[in-house]
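Novice: From first to last, the protein sequence lines stand for chains G and V. Residue numbers 16 to 268, in the numbering used here, belong to the letters of the first sequence in order. Residue numbers 25 to 411, in the numbering used here, belong to the letters of the second sequence in order. Don't be surprised by glycine CBs; every beta carbon is placed ideally from N, CA and C. Every value quoted in this text rests on a predicted model; they were computed, and no experiment measured them.
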Amino acid sequence: MIALDGVSCVIGGRRIVDRVSLTVADGEFCALVGPSGSGKSTTLKTINRLVPISDGVIRIDGADIVAANVEALRRSIGYVIQSIGLFPHWTVADNIATVPRLLGWPEDRRRHRVAELLTLLRLDPAAAEKYPHQLSGGQQQRVGVARALAADPAILLMDEPFGALDPITRTALQTELAAIHRRLGKTILFVTHDIDEALRLADRIAILDAGRLVQVGTPEELLANPASDFVREFVGDPELRRLALKIARRNAE
Amino acid sequence: MNARRNRVIPVLIAVFALGGVVGPFLNQAPNRLVSGTPIAIWQALDRPILFLIVAFAGLLIAVSRIGATPNLHRAMLVLATVLFLLLLYGAGKGATFFMGGAALAARVSLGWGFWLMVLCAAFAIVDAAQRMNLPPRMRLLLAGAFLVYLVAMAMNGTFDQLSLTRELAIRRGAFLAELARHGELVVGAIVPALLIGVPLGLWATRRPRVRPVLFGTLNVLQTIPSVALFGLLIGPLSALAVAVPAVGALGIHGIGMAPALVALVLYALLPIVRNSAAGIEAADPAIIEAARGMGFSPRQILWHAQLPLGLPVFLAGLRIVLVQTIGLAVIAALIGGGGLGSFIFQGIGQNAIDLVLLGAIPVTLLALAADFVLQLAVATVEQRSRR
């Protein structure tokens, strides 16, 4: 369980995140949504301490994250970013096994895990010995997700992971991620500016505006009772969204 | 294919022809101090060799006009290489012919026509090799084969009667000593410059405020003319040797190797520091962010991402530094530091061009070899960490 309690971030005199309190239950898929500059990425990065908080407390399973060793904390959390950031001089297998290697797993356990993840992400087993530049953008992000899952973390932080992909590849990866979430039951916090993506994937959606949390709820709640004009405008035509949601849910089953 | 027609080769061959028709191929003189009488290429060379040179030059143009395919580039590389070797062989043979029966003090030296032609042939080789875009291993193999062939020609006595070779034969001991000294100067400057420069470059990336001050200082150092810097160091270093006798006992004096090494280190610092810093920053910020997010320590990021990804940039800097230092070490001779510069300055003093070349040619070859090797290293490393 991730619990943010009154979290604020002041960077260079600007309050990027403003007293955000949010709890993500174990196994929940929560989307952080908002326009650019709303502080959603910054909020995400406070959880693996890539961004220091100025005020408030963040607890994971009840323990204050500041108390933990920062590198140990990060190794226990999967992290996926839009620009992927694979090591270009490492093979796909080495990239996927990055965190297991940092954790000192023996080699055959790492190899076994890599094979497992390649299958899970529907990557060709032969891709293991390739280099990232030999893969397409979509395949690279599959490797990025596999890398985040490698050490079997309970929590996955995803920062607009599919934002740079073409629509078809993006939809394919969204379907894949939903299936992985159902199967593995990870706690996922997912940043996106795309409300359709959030509606399709998330159990719960948190909407941010100018660093403040303006509404948290299930997709249906958001569509039925938008808390403000901002949310209503951001969510758009509820009938259309509900329809899209229904289709997406049916397709997923 | 028309758009990619080679324009380099026709120009090179035109200059080549000019050198052949107008310039003296060899010079014959009764001793090494007078300038002598010019010998044209058609007087210097046997008919068959002359014919072959003309034929190969013509073929080179013809091939370059056909188009730009890998096979044609390969043909051009072979033609240019043969042309180059024919010129060397011809010059050696010509010298042997004109020295036959001449007095021991007589000299047959290479004329500017020869140098122009050889240079054009060399450029044609480089041009063809670049168009072929060979992998590092092939380049090394070809350069090796070329070198072996040249050495074989030299061992065979082809060049023995050229004035340059005779000059070398007379000064063999001194030449080897100065060559070794030149190497000492270069290595003795590069190693400390790396030991100082790499940490400084790292420091500059960690402290944004240090950077402009550091780079500004090094830039100013770089602008001091080399002769002036060598001279400027004489004062402080001799004062130091007098004040602290232990330092003097180590061989550090106002003149000699010590000021030369200090100056060479100072000149080497800017490119090393700048390229170390640029290398550290070469990695894509996304890679650094992902690495941090996965729980890499700063040292692990440096070791696993920044250093390997910055290596090509760093090696490119090292290449500049090596070539620069090999050239600059010539000046060391002016303040008693020795090295191949000794021959150059002696030669200038005695107006003996062969002596100047005895210093200048090895310096050029050393610089070219260093450049070639590091180019290969960069290509190899880049091939491994292609993005």
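Looking at chain V, is there any beta carbon in it that lies within less than 8 Å of the beta carbon of L65/G?
Specialist: Chain V, which has a Cβ nearer than 8 Å to the Cβ of L65/G, makes this yes.
Novice: So, at 6 Å on beta carbons, what are the nonlocal neighbours of A357/V in its own chain, with the 5 sequence-adjacent residues on each side left out?
Specialist: G363, G365, S366, F369
Novice: Among E406/V, E305/V, G383/V, which one has its Cα closest to the Cα of R231/V?
Specialist: E305/V
Novice: By the 10 Å Cβ neighbour count, where 16 or more other Cβ atoms means buried, how is P50/G classified, buried or exposed?
Specialist: exposed
Novice: Curious, which full-length alpha helix (DSSP H) runs of at least 4 residues does the region 214-289 of chain V contain?
Specialist: 234-247, 250-267, 269-273
Novice: Under DSSP, the alpha helix (DSSP H) around V158/G begins and ends at which residues?
Specialist: 152-164
Novice: For my contact list, W136/V and G47/V are in at a C-beta cut-off of 8 Å; report their separation, rounded to the angstrom.
Specialist: 5 Å
Novice: T184/G: which of R74/G, L19/G, L37/G, G152/G sits nearest, CA to CA?
Specialist: Considering only alpha carbons, the answer is G152/G.
Novice: With the cut-off set at 8 Å, would you say V39/G and G71/G are in Cβ contact?
Specialist: no
Novice: Of the residues A263/G, I262/G, L258/G, V229/G, which one's Cα is nearest the Cα of E248/G?
Specialist: V229/G
Novice: Against chain G, with Cβ distances strictly below 8 Å, would L339/V count as a contact?
Specialist: no
Novice: List the residues that DSSP assigns as beta-bridge partners of M173/G.
Specialist: V95/G, F205/G
Novice: Identify every residue that forms a DSSP beta bridge with G232/G.
Specialist: I220/G
Novice: For K55/G, does the count of other Cβ atoms within 10 angstroms reach 16, so buried, or fall short, so exposed?
Specialist: buried
Novice: List the residues of chain V whose Cβ lies closer than 7 Å to the Cβ of T113/G, in chain order.
Specialist: M318
Novice: Exposed or buried, which one is G116/V when buried takes at least 16 other CB atoms within 10 Å?
Specialist: buried
Novice: Excluding the 5 residues flanking L218/V on each side, which residues of the same chain have their C-beta closer than 7 Å to its C-beta?
Specialist: I296
Novice: Near L112/V, which residues of its chain fall below 8 Å by C-beta distance, leaving aside the five closest residues on each side in sequence?
Specialist: V142, L174, M177, T182, F183
Novice: Short of 8 Å Cβ to Cβ, which residues in the region 324-336 of chain V face chain G?
Specialist: Taking 8 Å as the Cβ-Cβ cut-off against chain G, the residues of the region 324-336 of chain V that qualify are Q324, H328, A329, P332, L333.
Novice: Can you round the beta-carbon distance between R64/G and I80/G to whole angstroms, since I take them to be within the 8 Å contact cut?
Specialist: Between R64/G and I80/G a beta carbon distance of about 6 Å is seen, short of the 8 Å cut, so the two are scored as contacting.
Novice: One question on the structure: do A301/V and G351/V come within less than 8 Å of each other, judged by their Cβ atoms?
Specialist: no
Novice: Considering only residues of the same chain and omitting the five flanking positions on each side of I385/V, which have a CB-CB separation below 8 Å?
Specialist: L188
Novice: Could you tell me the distance, in whole angstroms, from the CA atom of V402/V to the CA atom of T106/G?
Specialist: 20 Å
Novice: Please report whether the beta-carbon of S412/V lies at a distance below 8 Å from any beta-carbon of chain G.
Specialist: Beyond the ends of chain V as shown, which are 25 and 411, falls residue 412/V; an answer cannot be given.
Novice: What does a CB cutoff of less than 7 Å around A143/G pick up in its chain, not counting 5 residues either side in sequence?
Specialist: T106, V107, A108, V129, L133
Novice: Can you check whether the CB of A161/G is closer than 8 Å to the CB of I96/G?
Specialist: no
Novice: In this structure, does DSSP put L398/V in helix, strand or coil?
Specialist: helix
Novice: Cβ of L398/V within 8 Å of Cβ of R343/V?
Specialist: yes
Novice: Assuming A119/V contacts L186/V (C-beta within less than 8 Å), just tell me the rounded distance between them.
Specialist: 5 Å
Novice: What number of angstroms, rounded off, separates the C-alpha of A79/V from the C-alpha of A92/V?
Specialist: 21 Å
Novice: Nearer than 7 Å: is that true of the beta carbon of G93/G relative to any heavy atom of the ligand SAH?
Specialist: Looking at this structure, you won't find the ligand SAH or any other ligand, since it has none at all.
Novice: I need the DSSP call for S23/G, collapsed to helix, strand or coil.
Specialist: If DSSP states are grouped into helix, strand and coil, S23/G belongs with the strands.
Novice: Buried or exposed: where does N299/V fall if 16 or more other Cβ atoms within 10 Å of its Cβ makes it buried?
Specialist: buried
Novice: Where do the N-terminal and C-terminal ends of the alpha helix (DSSP H) with R323/V fall, by residue?
Specialist: 322-325
Novice: Verify the CB distance criterion: does R90/G have a CB-CB separation below 8 Å to chain V?
Specialist: yes
Novice: Between which residues of its own chain and T61/G is the CB-CB distance below 8 Å, once the five residues before and five after are set aside?
Specialist: Closer than 8 Å at the Cβ level, and outside the excluded window around T61/G, lie L19, V22, C24, V32, P67, I68, I73.
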